[in-house]
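Visitor: Below you will find the structure I want to go over with you.
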Amino acid sequence: MAKDMTLLWGSGSPPCWRVMIALEEKNLQGYNQKLLSFEKMEHKSKEVMEMNPRGQLPAFKHGDRVLNESYAACMYLESQFKSQGNKLIPDCPAEQALMYQRMFEGLTFNEKMASVIYYNWKVPEGERHDSAVKRNREALSAEVKLWEGYLEKRSGCFLAGKNFSLADVVVYPSICYLFRFGLCEERYPKMAAYYNCLKDRPSIKATWPPTWLENPQGQDLLKDI
Amino acid sequence: MAQDMTLLWGSGSPPCWRVMIALEEKNLQGYNQKLLSFEKLEHKSQEVIDINPRGQLPSFKHGDVIVNESYAACFYLESQFKSQGNKLIPDSPAEQALMYQRMFEGLTFYEKLNAVIYYNWFVPEGERHDSALNRNREALVTELKLWEGYLQKLGSGSHLAGPSFSLVDVTVFPTVATLFRFGLSAEKYPKLGEYYALLKERPSVKASWPPHWLENRKGQDTLKDM
Chain P
68 MAKDMTLLWG SGSPPCWRVM IALEEKNLQG YNQKLLSFEK MEHKSKEVME MNPRGQLPAF
128 KHGDRVLNES YAACMYLESQ FKSQGNKLIP DCPAEQALMY QRMFEGLTFN EKMASVIYYN
188 WKVPEGERHD SAVKRNREAL SAEVKLWEGY LEKRSGCFLA GKNFSLADVV VYPSICYLFR
248 FGLCEERYPK MAAYYNCLKD RPSIKATWPP TWLENPQGQD LLKDI
Chain V
736 MAQDMTLLWG SGSPPCWRVM IALEEKNLQG YNQKLLSFEK LEHKSQEVID INPRGQLPSF
796 KHGDVIVNES YAACFYLESQ FKSQGNKLIP DSPAEQALMY QRMFEGLTFY EKLNAVIYYN
856 WFVPEGERHD SALNRNREAL VTELKLWEGY LQKLGSGSHL AGPSFSLVDV TVFPTVATLF
916 RFGLSAEKYP KLGEYYALLK ERPSVKASWP PHWLENRKGQ DTLKDM
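So the sequences go chain by chain: P and V. 68 is the number of the first residue of the first sequence in my numbering; add one for each residue after it. 736 is the number of the first residue of the second sequence in my numbering; add one for each residue after it.
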């Protein structure tokens, strides 16, 4: 069970956080885990490379089954532990379809966010352009407005269906990341309501990034989005 | 069933192809479909926007249910039609885990491919750099070696998650086929070449082969020196 599981993770990383939320939701507390530092390049350490040749976090194992891709780990956990913890995939076909649709739009969401927040990390100095930064910010703004619209149509705290689902597991961490980087709550009230509503969910409280607790003040890169 | 389904698609687009393979595998032939042209910007037409506000293909509807993201449509179809056609998610936990892991690595694979073959499509002229394209090419080579290694470990005749065809083959084969369409050398990547040759013959793959690839047998050679 949880004792046969190992997670190597970094604080605040949405992909790592997704897996941790899924583990909590499926009552798999007690897994072996190690917090590593991206700044100290520990994601490229031998320990990580042995589990994940891509040198990325999360790195996750269940026995000898390796599931380093966060969505893969989440879907595997729901499938293998369907009968314990919270049900994360709705039975109703329409709700299920919406869940899958939002899960995968969530990848686009995360990419557009990363292209703004990590621009200087990903693009070497000689290749940077203001035009690219501007375009990436506009794309993120359009994406955030799309999700604000999706949340407007929902009553309650969940992206798909009447309950917390895999869509929330995978997308909520990215939404938190937006607010951590200064997204304006007044401008995006539905997203802010979703963010605040789920903050108190046990699986989310239990896995809230420790570095965010130590340092409640985030950044303001996204305040004008 | 299939009559209540509509797919708007573009020829040669791996995301569209994934959904078409899944529909064939689940015996859902006879769905309504319309082939659109990316070059003519038909993916931005009202018809598409009505189903998919992102103006992207594939756009897919089943009755009132809309599932445009290709992986989402594949998972939805397997879930809703589990008992018909071919089983696409293995029962064995170990195979299942490998299937999920490779499916999501498959997204990285697809991105790294696009970063090379569609560099000029994605990057406006004033922002292009040889250094960036070179870096993208190196990243693709690293990725290719990884997948060549994965197939090597599984042995000849294997699918991506083990002996049986599964959702990972539905989602990743179109990327592999695109690599060869763009000139990847099967001599340099023999395991990928074997995998490609094996799956080319699968009925669902043959039935959904990009029509313009049939009309134009010769692809491009962007990747021949990889």
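C-beta atoms are modelled at their ideal positions from N, C-alpha and C, and glycine is treated no differently.
1. Looking at chain V, which residues of the stretch 83 to 103 of chain P have a Cβ within less than 7 Å of any of its Cβ atoms?
2. Any contact between the stretch 760 to 767 of chain V and the stretch 806 to 823 of chain V? By contact I mean 3 or more CB pairs, one from each, below 8 Å.
3. Could you list which residues in chain V have their beta carbon closer than 7 Å to that of P/P160, in chain order?
4. Can you name, in chain order, every residue of its own chain whose Cβ lies under 8 Å from the Cβ of P/M170, other than the five neighbours on each side?
5. Does the Cβ of V/H947 have 16 or more other Cβ atoms within 10 Å, making it buried, or fewer, making it exposed?
6. Which full runs of the alpha helix (DSSP H) of 4+ residues lie inside the stretch 156 to 229 of chain P, going along the chain?
7. Residues of chain V with a CB under 7 Å from the CB of P/M142: which are they?
8. Hey, P/Q168 and V/A896: beta-carbon distance below 7 Å or not?
9. In chain V, what lies closer than 7 Å to P/H110 by C-beta?
10. Taking just the CA atoms, how far does V/E804 sit from V/K941?
11. Enumerate in chain order the residues of its own chain whose CB-to-CB distance from V/H894 is below 7 Å, with the five nearest sequence positions on each side excluded.
12. What are the boundary residues of the beta strand (DSSP E) that includes P/W76?
13. Check for me: the beta strand (DSSP E) holding V/G841 runs from which residue to which?
14. Spell out whether any CB of chain P is found under 7 Å from the CB atom of V/H864.
15. What does the alpha-carbon distance come out to for the pair V/D826 and P/E253?
16. So P/M72 packs on P/K128, CB below 8 Å; how close in whole Å?
17. Using three-state DSSP, classify V/K769 as helix, strand or coil.
18. How about V/K847 and V/E883: are their beta carbons less than 7 Å apart?
19. Check the C-beta distance from V/L792 over to V/V783 and give it rounded, since I have them as a contact under 8 Å.
20. Just checking: is the beta-carbon of P/Q151 within a distance shorter than 7 Å of some beta-carbon in chain V?
21. Can you give me the Cβ contacts of V/E873 inside the same chain, cut-off strictly under 8 Å, excluding the 5 residues immediately before and after it?
22. Taking a contact to mean a Cβ-Cβ separation below 7 Å, would you say V/L743 touches V/Y766 in this structure?
23. Quick one: which chain P residues come within Cβ less than 7 Å of V/Y806?
24. As an exercise, report each continuous alpha helix (DSSP H) stretch of at least 4 residues that is fully enclosed by the stretch 225 to 254 of chain P, in chain order.
25. Count the other CB atoms within 10 Å of the CB of V/L833; is the residue buried (16 or more) or exposed (fewer)?
26. For P/Y138, decide whether its Cβ has a neighbour in chain V, counting only Cβ atoms nearer than 7 Å.
27. Taking only three categories from DSSP, how would you classify V/R753?
28. Closest by CA to V/V876, which one among V/K796, V/R937, V/S943, V/L914?
29. What three-state label does DSSP hand P/Y292 in the structure shown?
30. Would you say V/A832 lies against chain P (beta-carbon separation less than 7 Å)?
31. With a threshold of 16 other CB atoms inside 10 Å of the CB of V/L886, please say whether the residue is buried or exposed.
32. What does DSSP give as the partner residues of P/F127 in its beta bridges?
33. Under a Cβ-count criterion, where at least 16 other Cβ atoms within 10 Å of its own Cβ denotes burial, should P/M68 be classed as buried or exposed?
34. Please name the residues in the stretch 115 to 139 of chain P whose beta-carbon is closer than 9 Å to at least one beta-carbon of chain V, in chain order.
35. With distance defined between alpha-carbon atoms, name the residue in V/D960, V/S891, V/I824, V/F795 nearest to V/Q738.
36. Residues of chain V with a CB under 7 Å from the CB of P/E194: which are they?
Guide: Working from what's here:
1. Cβ contacts with chain V: none found.
2. Yes, the stretch 760 to 767 of chain V touches the stretch 806 to 823 of chain V.
3. At a C-beta separation below 7 Å, P/P160 has these neighbours in chain V: V800, Q815.
4. The beta carbon of P/M170 lies closer than 8 Å to those of Y138, L233, A234, V237, V238 in the same chain, with the five residues before and after it left out.
5. It counts as exposed.
6. Note on the stretch 156 to 229 of chain P: whole alpha helix (DSSP H) runs with a minimum of 4 residues are 160 to 184, 186 to 189, 197 to 219, in chain order.
7. Y835, listed in chain order.
8. Cβ atoms of P/Q168 and V/A896: not closer than 7 Å.
9. Result: empty, since nearest Cβ-Cβ is about 15 Å, beyond 7 Å.
10. Their Cα atoms are separated by approximately 23 Å.
11. Same-chain partners within the cutoff: F900, S901, D904.
12. Counting along the chain, the beta strand (DSSP E) containing P/W76 begins and ends at 72 to 77.
13. Not the beta strand (DSSP E): V/G841 falls in the alpha helix (DSSP H), residues 828 to 852.
14. Yes, contact with chain P.
15. When rounded, the distance between both Cα atoms is 47 Å.
16. About 7 Å; that satisfies the 8 Å criterion.
17. Shown here, V/K769 sits in a strand according to DSSP, grouped into three states.
18. V/E883 is positioned such that its CB atom lies no closer than 7 Å to that of V/K847.
19. Right, their Cβ atoms sit about 7 Å apart.
20. It does not; no Cβ of chain V falls within 7 Å.
21. Excluding positions up to five away in sequence, the list is empty.
22. Cβ atoms of V/L743 and V/Y766: not closer than 7 Å.
23. The CB of V/Y806 comes closer than 7 Å to the CB of F171 in chain P, given here in chain order.
24. Listed in chain order, they are 233 to 247.
25. A residue is called buried when at least 16 other Cβ atoms come within 10 angstroms of its Cβ; V/L833 meets this threshold and is buried.
26. It does: the Cβ of P/Y138 has a partner Cβ on chain V nearer than 7 Å.
27. The answer is helix: DSSP assigns V/R753 an H, G or I state.
28. Selection V/K796, V/R937, V/S943, V/L914 evaluated against V/V876 yields V/L914 as nearest (Cα-Cα).
29. According to the sequence provided, residue 292 of chain P is Ile. The question's Tyr does not apply to it. Three-state result, P/I292: coil.
30. V/A832 belongs to the set of residues whose beta carbon lies under 7 Å from a beta carbon in chain P.
31. Buried, since its Cβ has 16 or more Cβ neighbours within 10 Å.
32. According to the DSSP secondary-structure assignment, P/F127 is paired through a beta bridge with P/L74.
33. By the 16-neighbour rule on beta-carbons within 10 angstroms, P/M68 is exposed.
34. Correct list: P120, R121, H129, G130, D131, R132, V133, L134, N135, E136, S137, Y138, A139.
35. Distances from the alpha-carbon of V/Q738 to those of V/D960, V/S891, V/I824, V/F795 put V/F795 closest.
36. The answer, in chain order, is H864, S866, A867.
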